[in-house]
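Enquirer:
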Amino acid sequence: MKDTLAYKGFTGSVHFSADDKVFHGKLMDINDLVTFDGETVDELINAFHDATDDYLALCKEVGKEPAKAPKGSFNVRISPQLHGQAIRAARIQKITLNKLVQTALAHEVKRLTDAPAKRKKEKKMGECHS
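Residue numbers (numbering that gives the first Met the number 0): 0 to 129.
Encoded structure:
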């Protein structure tokens, strides 16, 4: 199950409260708290769109940049052993350590984000043959 929504470059989390029988979420990766909810999936999606539009309008009104885009750099803490292995692997491939990490991270992110879609597709295909 995909637990995020996307709209205008923003991502919203999706959660379900069985006790309240309501879907709820918040805009992710921003410094402000923007929430939305709905009793149905369609209501949740509409509320997410409305919350995003309201957030953008408010930011414009107060002269604030809406969200911080990722800078493209971050620190990763790894064991000295893995660090050494990565350096050796990069040398063997004749690439920089940054390029090795970037390639490995891109591969893993793709694998993780493609996996739910693949499982969903396989499940649907299995239902057709039942």
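All C-beta atoms, glycine included, are put in the ideal place defined by N, C-alpha and C. Because the structure is a prediction, the values reported are computed rather than measured.
Among the residues of its own chain, which have a CB less than 7 angstroms from the CB of His48, if the five just before and after it don't count?
Expert: As a position in the sequence shown, residue 48 is number 49, starting the count at 1. Cβ neighbours of His48 beyond the five flanking positions: Tyr6.
Enquirer: State the DSSP-derived secondary structure class of Phe35, mapped to helix, strand or coil.
Expert: Within the sequence shown, residue 35 is the residue found at index 36, counting from 1. It is a strand residue.
Enquirer: Can you give, in chain order, each stretch of the alpha helix (DSSP H) that sits fully within the stretch 28 to 97 and has at least 4 residues?
Expert: Positions of the alpha helix (DSSP H) runs, each at least 4 residues long and wholly inside the stretch 28 to 97, are given as 40 to 61, 79 to 92 in order along the chain.
Enquirer: Go ahead and label Phe22 buried or exposed: buried means 16 or more other beta carbons lie within 10 angstroms of its beta carbon, across all protein chains shown.
Expert: Taking the sequence shown and counting its residues from 1, one reaches residue 22 at position 23. Buried, by the Cβ-count rule.
Enquirer: On the three-state DSSP scale, how would you describe Tyr6?
Expert: In the sequence shown, residue 6 corresponds to position 7, counting from 1. In the three-state scheme derived from DSSP, where H, G and I count as helix and E and B as strand, Tyr6 is classed as strand.
Enquirer: Nearest to Val40 by alpha carbon, out of Gly24, Asp28, Asp31?
Expert: As a first step, residue 40 must be located in the sequence shown, where it is residue number 41. It is Gly24.
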